[in-house]
Amino acid sequence: MCPTAATAARSVVSYENYKVIDIIDPSTKTLGSSEGKQTTTQKKEGEELGEDEEELPVVKGAYVFLHSGRHRGTYGVVEVVDEDHVLIRAAVGQAVLREVEGNLRVATQKEYRESSRVINKEMYDKFKVNIKIKKENKRNAVYYQFIVGLCSKGTYEVLESIFY
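Numbering-wise, my numbering comes out as the position in the sequence shown, counting from 1, plus 28.
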């Protein structure tokens, strides 16, 4: 068999297995996001904004929170909005960060004031809860000692008239 006959035999196309294939509509996907991850700008099915919540736009001067990516957990202020990326001035350290719009969400001014200077928010929240519990336990202990002290002095009848 000559070389031209071998290549001709390989290039024979079978027309038996042709199928109609649906066209795949490409979704608009930002850099850094994956198929399974839903960006914050997209709404979940059935999700609606509350009465006091309103859609805050990503514009120059807006307060944002980076919920994913390299600088996760950082608050900042938007300086420049491009087609693909957003330049953000970080609240801690004043560094300029370049992030994809899908990695951030717009924060309210109140949230920004309360949490922008906190480096590790999760540990800070746990610490605040522990402090609150300790203060409550201490207050309950003092209150209990006060009641026990009054009862030991024979003022049980006074307490009974106050509390019942």
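C-beta: ideal position from N, C-alpha, C; glycine also.
For Arg141, there is no enclosing beta strand (DSSP E); the residue is found in the alpha helix (DSSP H) stretching over 137 to 143.
Proximity of the region 83 to 94 to the region 126 to 136 meets the contact definition, three or more beta-carbon pairs being nearer than 8 Å.
When secondary structure is reduced to three states using DSSP, Tyr171 falls in the helix class. Secondary structure note for Tyr46: it is in no beta strand (DSSP E), with a DSSP letter that is neither H nor E.
Note on Ile49: under 16 other CB atoms within 10 angstroms of its CB, so exposed under the neighbour-count rule. Rounded to the nearest whole angstrom, the C-alpha separation of Gly97 and Lys163 is 37 Å. The beta-bridge partner set that DSSP reports for Tyr103 consists of Phe93.
DSSP lists no bridge partner for Leu84. Taking 8 Å as the cut-off, the beta carbon of Val120 is found no closer than this to the beta carbon of Val114. Residue pairing of Arg117 in beta bridges, as defined by DSSP: Val105, Val124. Assignment of Val134 by DSSP, reduced to helix, strand and coil, places it in the strand class. The Cβ-Cβ distance between Gly101 and Ile116 does not fall below 8 Å.
Relative to Glu150, the option among Asp110, Leu84, His95 whose CA is nearest is His95.
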